[in-house]
Every structure is written in C-alpha cells, then in structure tokens.
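Colleague:
4 protein chains.
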Amino acid sequence: MQQRNATAAVIGAGDYIGSAIAKKFAAEGYTVFAGRRTADKLQTLKSEIEAAGGKCETRGLDARKEDEITTFLNEADKAAPLEVCIFNVGANVNFPVLETTERVFRKVWEMAAYGGFLTGREAARLMLAHGNGSLLFTGATASVRGGIGYAAFASAKFALRGMAQSFARELGPKNIHVAHLVIDAGVDTAFVRNRIKARGGDAALAGLAEDQLMDPKSIADAYWYLHTQSRDAWTHELDVRPFMEKW
Amino acid sequence: MQQRNATAAVIGAGDYIGSAIAKKFAAEGYTVFAGRRTADKLQTLKSEIEAAGGKCETRGLDARKEDEITTFLNEADKAAPLEVCIFNVGANVNFPVLETTERVFRKVWEMAAYGGFLTGREAARLMLAHGNGSLLFTGATASVRGGIGYAAFASAKFALRGMAQSFARELGPKNIHVAHLVIDAGVDTAFVRNRIKARGGDAALAGLAEDQLMDPKSIADAYWYLHTQSRDAWTHELDVRPFMEKW
Amino acid sequence: MQQRNATAAVIGAGDYIGSAIAKKFAAEGYTVFAGRRTADKLQTLKSEIEAAGGKCETRGLDARKEDEITTFLNEADKAAPLEVCIFNVGANVNFPVLETTERVFRKVWEMAAYGGFLTGREAARLMLAHGNGSLLFTGATASVRGGIGYAAFASAKFALRGMAQSFARELGPKNIHVAHLVIDAGVDTAFVRNRIKARGGDAALAGLAEDQLMDPKSIADAYWYLHTQSRDAWTHELDVRPFMEKW
Amino acid sequence: MQQRNATAAVIGAGDYIGSAIAKKFAAEGYTVFAGRRTADKLQTLKSEIEAAGGKCETRGLDARKEDEITTFLNEADKAAPLEVCIFNVGANVNFPVLETTERVFRKVWEMAAYGGFLTGREAARLMLAHGNGSLLFTGATASVRGGIGYAAFASAKFALRGMAQSFARELGPKNIHVAHLVIDAGVDTAFVRNRIKARGGDAALAGLAEDQLMDPKSIADAYWYLHTQSRDAWTHELDVRPFMEKW
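Protein chains in written order, with this note's numbering: chain A, 1 to 247; chain B, 1001 to 1247; chain C, 2001 to 2247; chain D, 3001 to 3247.
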C-alpha cells in the first residue's frame, strides 16, 4: 500500500458500515480519522488497520457537539489534507406516535441530522480551502419513506437528505462532491441477525441465503466508488440493497 | 353560519396563510383556536372572525415548547372536540452553507419540524380519544427539493414531511386524516411583494399578472378540501402553485 | 340543476370511476360527452344522467384512434365549449416479464398512454381556443412504482404521468389546468370484490370494513375539486386512498 | 487484456455513450455485440476495439423490431454467454404539445421504451438460463421530470423507468441486476457543442470549463461499476451529472 498525503474522516465509525468504510479508505492509502461515542470501541478497528499497514487515528466524539466535530475535523486536516468525510451516525428507533417522547424525537434528530450538518459544514470549510473533497452521507430506507413507527427516525433521515441536496447544489460547482447513500435493507450485523433469530428462530438464521444480507464491505465499496468518480459525472444519490430484497 | 361543536386549532396563525385558514374554518362553524408567537398580533384575526359571526380564541404560543403546545391543544379540545389541527409554522431562511450557524440550523428545525411533531402528537392524542380528526401540515418547495442556500430550511421541511408520512401510515387506519401540503410558490404577502419590488422595482410589482401570486384564501380552500374529503378517498399530499408558476 | 353552456368529456367512461365522474359533472350542469369502447354499455349511464335532469351524449370510441378522439372532442366542443376533459382509460394487467408479449406491452401503452396523449392534445387545442379548461388524467399506484408483474402497466402509467407533467408545465401558463390523480388503492368495483372473494372467500368479502374500498363517487369528488380550484392555487398531482389502506 | 467467455450487448451503440460503453466492456475482456440503426456507422467502433486487442461484432438493428432484437441477442449469446446488456437508444425531441404529431409520440416511445422492453425481456430470457446477468438502461433528466416540450420524450423515458423498476423487482431475486441510469446533463458530443455554439457563439464554446460537459468515458465507468457491484449491495438507480451542473 502506498500512503497518500490525504485524510479520510469517518464520523460514526461503528462496528459494521463505519468500520468497513474506514478500512477501505485506509487500505487505499488514506490516513483515517475514526470517531464514535466511545473511543475504547475503536481499538479493534485501529489495530486491524495498522496490522494491514494502514494509518488510523481514533477519537471519542459526540457528533452533536459543534466544538467536538470542529476539533476532530481540524485535527484530521492537520494530519493530512481532509479529502473525504463520511457521516455515518445511526439512530434507528421505532415507536408508535404517542409513545415517541420529545426527548427521543430531538435526540434522534441531533444524532442523525444535526450532527450531519455540523460534520458537513466543517468538512466543507476545510475542503473549500483545499479546493476539493468528498462529503458522503449515509441514508436509509427511512430517508425516502416515512413508515409506521418511524416518526422520529424518518424525520431525521429526511432532514439529512434535504440538507445533503442543498449542500450538493451549492458545493458541487466548488468542486466538493456531496453524495447521499440510501442503504435500503438490513446489513449483516449482530443486531440484524439477532432480530431475524428473534422473529424466526434458529431456522430463520440458518435459512439465510448467501448474500441475502449486505456485507459492510460491499457498502464500503459504494462509498469508495462515489469518492473516486470523475467530477464530470458525479452521482448525488445511490441506493443499495441485496439482490433478494423486496422493495 | 351554524356553529359546530368542534374546534379547529391553527398553530402558526400568521397574517396570511394561517389567518386565511382560521377564517375559513371559523366561517364553516368551527371554534378556532389560533396560536402564534405574539398574541397581540392575533387581535385583528379574532376581530374579523367575530365580526363575521364566528368564534375565535387566541393564544401566544411558542410551538417549540411541549407544555405550551399541550396546554393550547387541551384548551382547544375543552372548548369543543378538536376535529382539525393545522401546523403552519414557517421558518424560511437562506444562508450559504458556511454561514449557516448551528443556532440557525437548530432553530429552524425546532420551529418547522420539532414544533410540528409536538403539535401532531398531542393533537393525535386528543383525536384518537374522539375517534376522528384531521392533521394538516404546511410544506413548501423546500419539502421536496433542497435548493442552494436552504440547508437549514430544506432540512427542516424534509423532516416535517417524513414525519407526516409516518403519522399518516400509523394514524390513517385509526381514522385520523394526516395530510401534507406542498405550497410550491410565492403567496401574496407583503414580504413577497417587497422582494419582487426589491428585485425588479415598481415596474415588476405593477407587472404582476392577475392570479400570479397565491391568494391565502385559495390555499385555505385546499386545507378545507382535505379536511372534508370522504375517508374512503383521502389524499396525503397535495401540491399547489399558481397557473403561471414555473416548476 | 342549472344547465351550463359547457361540456365535460370523459374518455373511458367505465362502469365505476368514469361513470361517477360523468354523473358528477352532469349534476353540476355540464353537458357530458361519455366515450368508451362499446357504446351500448353507456346506455345506463345516459339514462341515469337524464333521469336526474342532466344532459349526456354517448359515443363508442377507441381511444387509440386519432380520428375518433378528434371527432369525439370536436363534437363535444360543438355541443357547448369543452371546459373539462377527463382521460380515464384503464389497462391493468399483470404478467411476469417473460410472459409479457410485445402485443400486450404495446396495447397497454396504446390504451393508457397513447390514448391519453391524443386526448390531451386535442382537448388542449380546443381549450386553448377558448382560453381555459381542465385536463385530468387518471393514474394509479403503478404510475409511481413499478411493481412485480407490472412491466407493461407501470410503463404505460409512468408514460402517462411524464406526459401529464410536460402538458402541465406548458399549458398551465396558458390557463389550462392539467392534473394527474394517483388512485392508490382498490375501488369498489365488481372486479375488486370478485378478487377479494377469490382470495379470501365469502368471509373476506363480508369482513370488508366500511369505507375500506373507495366509492367511485368519492373519487369523482376529487376530479370536481381539481376542476374547480382557483387558478392561483392549482394542484398538479393528487393521491387518493382509503383511510385503512397500507401504503 | 484477458478475453472472457462472456458477451456484452449494447443496443444503441451511438457515437458517444454507446461507443464508450462498448469500448469499456471490450477493454475488460468482453466480446462486445454492438447494434445501431446503420451498421456502417459501427465500423470505427469495431476498428478501435480490435486495434486495442478487443473483440467486437456489429449489426445493423432496429430496436423496434422484436425479431431483430431476438436475433441479435441470440447471436450475442451464442458467441459467448450474454452477461451484460445495455439499452441506450435515444430519442430526444422537443415539440410544443400541439405540434407533437401522433407519429412522433409513437416513434419516440417505440425507440426509447418499447425497444427497451424487447431488449430487456429477451436479454432476461437468456440470462435467466445462465443464472446471472446485468441489464442496464440509459435514462435522462426527462426520466424523472416532464419538462416543457418533452411530452413525447419524457413520456417515453418515464415509461422505460417504470418498466425497469418492474424488471428489477422481479428479476433481482433471480440474480439479474437491473439498473437505470439518470444522465442528468449534457454529454460532450458534437450535437451538444453545436447547440452551445448556436446559443452563445464561439465565446460560449471557448468558455466551457474543464469537465463542464460529461465525457462519455466517465459515463461508461458508471455502467461498469453497476455491472461489477457485489450482489449483496446492488444499486437500482444512479444519477450522474457534472460537478458544475445546475439541477
């Protein structure tokens, strides 16, 4: 691997999609700055990236705090010019309307939309100074469809999507590629496997077809693709789902 | 006019759309509860409704305060069963990405989306107890398109729209009609007329064609239509724009 | 009823939605011109309208024939100025991809899209001469979602919708109101009731809740509403579905 | 280059996008079957591919003829298993509603939608026999927006898009990747350059920024990306436009 003089920041570097993205960009020679709520949980990711010869810095980070986001991205940019920034904070909850507390509604928005705004704006500030960069936002089915029980989550994901469009239209002509991914199915995570088991038992788990769940690595490839598109043919929105998925 | 034993609540009873809606429902016999930030500004509305033989209660109200919304709607429901609730709080601002402060981003969301959630949930609670009702949310072009400069506003309007969809899918089968209006053009307000004048001078104002701007009364008719639809053919989303509008 | 000096043309005046629309406009004083493939099947409609004091002319009509559409609309316009034209030809079929013959694919498009174009263009020609009019197109779920088995039907309904948008953007400023309705559920027809019975037996039919299926009259009200909107606040697209519908 | 035992068929192998796609797949080792109306016009493409060490068969082909499409694809599949099929027939015309003849409306649909259906169905038949394949359809801005003057073109492009969705939902679980690209801007072609010159003179041409127009090669990369996606994370719809484009 040849190390580049460039940084990729991942806000919301969780165990699955976020980690896979971090590894992908590290494997491509980027210095990765990985942030999530609990810094301790990033040790495995850092070790794996370094074992593979890559570079990774980790930070505990609350994406809802302007100063933390600003500090994190400034540090990333000092390590090497910030060239790509991925916002991947999730906040998937499901409550009936009457049981959605104002606290839940606010918190989900703060994590999934407000944090995305802070991240996007501060990354844009740094990228505009360099004259280029990619800003990639993780969306979900709930970004384009407000389903039952998702008043809080869909509202926050819609919010992130609308914001991403405004960013794209303003920043595209300034050479910042802003894209929004619609992850329209279950990713292969412990959470999803447990849910499948809870609903259908061991048989349901055993009966999963090959490639029925999304491998986080496959999703990471989509982020890499978007980042490496030629600027005369940029994509703003990309949906991904497994071949078997009903949609 | 025959007075009904039913209340229509308008959150965001501004001088134009909000007032027109209030007058329409009052003219149809509803007791209107009109709320906006400054109670004083509701005096004219109240006087006009009463002069026409209608009933109107007014309240100063911060739609971002859970307890104020709850109190307002409970009082409305005590006056007579809450049958229709319109959320019409606006927060149209335009800033470049880098000049959008976290305060603006948060405040616009709190007004346009969070307030809509509080309103919708509390109105739903009351309506579910009665077994029926209409929940109508005011959207805008920015509800479906994130344009340049609208990172905050589009994000908030998208958020309201996603939430309205979740509400509709859950509450529809419980006999609550949830609808979202996309007001896709300039309404005939002092603000819009001043903007036209600022851009094109007196000639631009004088050159406005008949019906080129939307009369708030015409918009109010759309809210009334949605409220009075038969429940076997409910509309969830309705766009309105003047015949001359480019879109 | 007061008779107006105006004609409403219904292309695709079938037993349910089309007939309900025809009756509604007749009841509002319009001379109705009703066309469908088999003229004989229009006798009941004509009798009912006339029994109610309305005026109705009927014609056998193949909506895929330019000369037949032109003749039909010209005759309608001669009876009294053509003020509203509804295109309501259905062609709902479901075939797996490999079993969709070129003949089916073509025919469904000819009925649902090409016929709509011929109707819309010729009605527009007459309305532009008068300086006003409404052009209303019937869409379906398949207008906005290409589901399994609907390669032919969804393609045709998408086609009609795209065309309606182009018509609307060009003709709106010329005072022709072009709108597209998305009928997003089963209408209460013999066909739908038979399908419910075939799937779930008599119990399923008996178990239908009140207002679970759409009454064609309720849908006709939506067409009437669109036609009577003030031109400073026109709607282009309107979805309708019963309150209980999953969507 | 290593030659694969696989064929890529391009229906609508025009001078720009279609040729670029053909070259890309040839460069990746696919035997390319290139079809367009006039076989003679394919000689340059064939020569270029062969000069680069690739394999290319060319055919004159009317995409509106079921037997021609069937023969073409069967021949392609006999040369080596058909693994990817691209439908790229264009038919961009602009006429006011009243000047859109039934012949134009029909022909544009036959080329852009009906031909796509024939291509897709016959390719699917062959791919299902092999158990895998990619079906890629070229869309445009008019696939998602019916603009003024595009009653025929938008209708046809909407039709293709609706069809592609139905194909995707049925064939995805059968391991056929169906995707639709929204080419949302001008490609760098002689036609587009002439139009720019006609509107703005030599200065407009000279003033074109780098990457302001899309290089067909960049678009071809998007087709390649879609084809090579892992099936646990397939994209159905991909938009592409240059970084400077207003949208």
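Just so you know, even glycine gets a beta-carbon here, dropped at the ideal spot from N, CA and C.
None of the values given here were measured: they were computed from a predicted structure.
1) Report yes or no: is there a C-beta of chain A within less than 8 angstroms of the C-beta of E1170 (chain B)?
2) Tell me the rounded alpha-carbon separation between P2173 (chain C) and A1091 (chain B).
3) At the level of alpha carbons, what is the spacing between I1011 (chain B) and G1116 (chain B)?
4) Reducing DSSP to helix, strand and coil, say where S230 (chain A) ends up.
5) Grouping DSSP H, G and I as helix and E and B as strand, with all else coil, what is K3174 (chain D)?
6) Quick one: which chain A residues come within Cβ less than 8 angstroms of V3178 (chain D)?
7) Cβ closer than 7 angstroms: which chain B residues qualify as neighbours of G200 (chain A)?
8) Provide the residue span of the beta strand (DSSP E) that contains L3136 (chain D), from first to last.
9) For A1168 (chain B), collect the residues of the same chain with a Cβ closer than 6 angstroms to its Cβ; drop the 5 residues on either side in sequence, then sort them by chain order.
10) Mark Q229 (chain A) as exposed unless 16 or more other C-beta atoms lie within 10 angstroms of its C-beta, in which case mark it buried.
11) With DSSP run on the structure shown, which of helix, strand or coil describes G2060 (chain C)?
12) According to the neighbour-count rule (16 or more other Cβ atoms, all chains shown, within 10 Å of its Cβ), is K246 (chain A) buried or exposed?
13) How would you label Q1002 (chain B), buried or exposed, when you count the other beta carbons within 10 angstroms and need 16 or more for buried?
14) Could you pull the DSSP bridge partners for K2031 (chain C) from this structure?
15) Report the neighbours of R3231 (chain D) on chain A: residues whose CB is nearer than 8 angstroms to its CB, in chain order.
16) K3157 (chain D) to T3119 (chain D), Cα distance in whole Å?
17) I'd like the list of long-range same chain contacts for S1218 (chain B), defined as Cβ closer than 8 angstroms, with 5 residues on each side in sequence excluded.
18) For the beta strand (DSSP E) that D1239 (chain B) lies in, which residues bound it at each end?
19) Can you tell which of C:N2074, C:E2028, C:A2022 and C:I2176 has its C-alpha closest to the C-alpha of Q2043 (chain C)?
20) Return the bridge partner residues of A2179 (chain C) from the DSSP annotation.
21) Using the beta-carbon of each residue, which ones in chain C are nearer than 8 angstroms to W3109 (chain D)?
22) Between the C-alpha atoms of F25 (chain A) and A8 (chain A), what's the straight-line distance to the nearest angstrom?
23) Which residues does DSSP list as the beta-bridge partners of I86 (chain A)?
24) Considering only their Cβ atoms, is the gap separating A113 (chain A) from L181 (chain A) smaller than 8 angstroms?
25) How about H1227 (chain B): is its C-beta nearer than 8 angstroms to some C-beta of chain C?
26) Would you check whether the ligand GTP has a heavy atom nearer than 7 angstroms to the C-beta of F3072 (chain D)?
27) How long is the line joining the alpha carbons of T3141 (chain D) and D3188 (chain D), rounded to whole angstroms?
28) I'd like to check one pair, I1017 (chain B) with P1216 (chain B): are the Cβ atoms closer than 8 angstroms?
29) Among A:D232, A:A39 and A:D221, which has the Cα closest to the Cα of L136 (chain A)?
30) Given 8 angstroms as the limit, is there contact between the segment 1120-1130 of chain B and the segment 1056-1076 of chain B, that is, 3 or more CB pairs closer than that?
31) Between the C-alpha atoms of R36 (chain A) and T101 (chain A), what's the straight-line distance to the nearest angstrom?
32) Say whether chain G places a C-beta atom closer than 8 angstroms to the C-beta of M1127 (chain B).
33) Checking contacts by CB at 8 angstroms: is A3009 (chain D) closer than that to chain C?
34) To the nearest whole angstrom, what separates the beta carbons of G1146 (chain B) and G14 (chain A), a pair I think is in contact under 8 angstroms?
35) Note down, in chain order, every chain D residue with its Cβ under 7 angstroms from the Cβ of Q2003 (chain C).
36) M127 (chain A) and L82 (chain A): beta carbons closer than 8 angstroms?
Modeller: Let's see:
1) Interface residue, yes.
2) The straight-line gap from Cα to Cα measures roughly 29 angstroms.
3) Annotation: I1011 (chain B) to G1116 (chain B) spans about 9 angstroms, alpha carbon to alpha carbon.
4) It is coil, neither helix nor strand.
5) Three-state result, K3174 (chain D): helix.
6) Chain A residues near V3178 (chain D): none, gap ~10 angstroms exceeds 8 angstroms.
7) In chain order: nothing, as chain B lies at least about 24 angstroms away.
8) Where L3136 (chain D) is concerned, the enclosing beta strand (DSSP E) starts and stops at G3133 to A3140.
9) Excluding sequence neighbours, A1168 (chain B) sits near V1178 and H1236.
10) Per the 10 Å Cβ criterion, buried.
11) Note: G2060 (chain C) maps to strand in three-state DSSP.
12) Per the 10 Å Cβ criterion, exposed.
13) Around the CB of Q1002 (chain B), fewer than 16 other CB atoms lie within 10 Å, so the residue is classed as exposed.
14) Note that residue 2031 (chain C) corresponds to Thr in the displayed sequence, not to Lys. Answer by DSSP bridge pairing, in chain order: C:T2007 and C:K2055.
15) Neighbours of R3231 (chain D) in chain A, taken as residues at a C-beta separation under 8 angstroms, are given in chain order as D211, P242 and F243.
16) Note on geometry: alpha-carbon atoms of K3157 (chain D) and T3119 (chain D) lie some 15 angstroms from one another.
17) Short of 8 angstroms from the beta carbon of S1218 (chain B), and not among the five residues preceding or following it, lie these beta carbons of its own chain, in chain order: V1240.
18) First-last of the beta strand (DSSP E) with D1239 (chain B): E1237 to V1240.
19) Nearest to Q2043 (chain C) by C-alpha distance, out of C:N2074, C:E2028, C:A2022 and C:I2176, is C:A2022.
20) Partner(s): C:L2136.
21) Per Cβ cutoff of 8 angstroms: W2109, A2113, Y2114 and A2159.
22) C-alpha separation (whole angstroms): 7 angstroms.
23) Note: I86 (chain A) sits in a beta bridge opposite A:V10 and A:L136.
24) No, they are not a contact pair.
25) It does not: the Cβ of H1227 (chain B) has no partner Cβ on chain C nearer than 8 angstroms.
26) Of the ligands one can find in the structure shown there are none, so the ligand GTP has no counterpart to examine.
27) Their backbone Cα atoms lie some 16 angstroms apart in a straight line.
28) Yes, Cβ-Cβ distance for P1216 (chain B) and I1017 (chain B) is below 8 angstroms.
29) Checking every option, the nearest Cα to that of L136 (chain A) belongs to A:D221.
30) For the pair of segments examined, the segment 1120-1130 of chain B was found to touch the segment 1056-1076 of chain B: the number of CB pairs separated by less than 8 angstroms reaches three.
31) Their backbone Cα atoms lie some 25 angstroms apart in a straight line.
32) Given the protein chain composition of this structure (A, B, C and D), no chain G is represented.
33) False, the Cβ-Cβ gap to chain C never drops below 8 angstroms.
34) Beta-carbon to beta-carbon, G1146 (chain B) and G14 (chain A) are separated by about 26 angstroms, too far to satisfy the 8 angstroms threshold.
35) When 7 angstroms is used as the limit between beta carbons, Q2003 (chain C) is near no residue of chain D, the shortest such separation being about 30 angstroms.
36) Yes, these two residues count as a Cβ contact at 8 angstroms.
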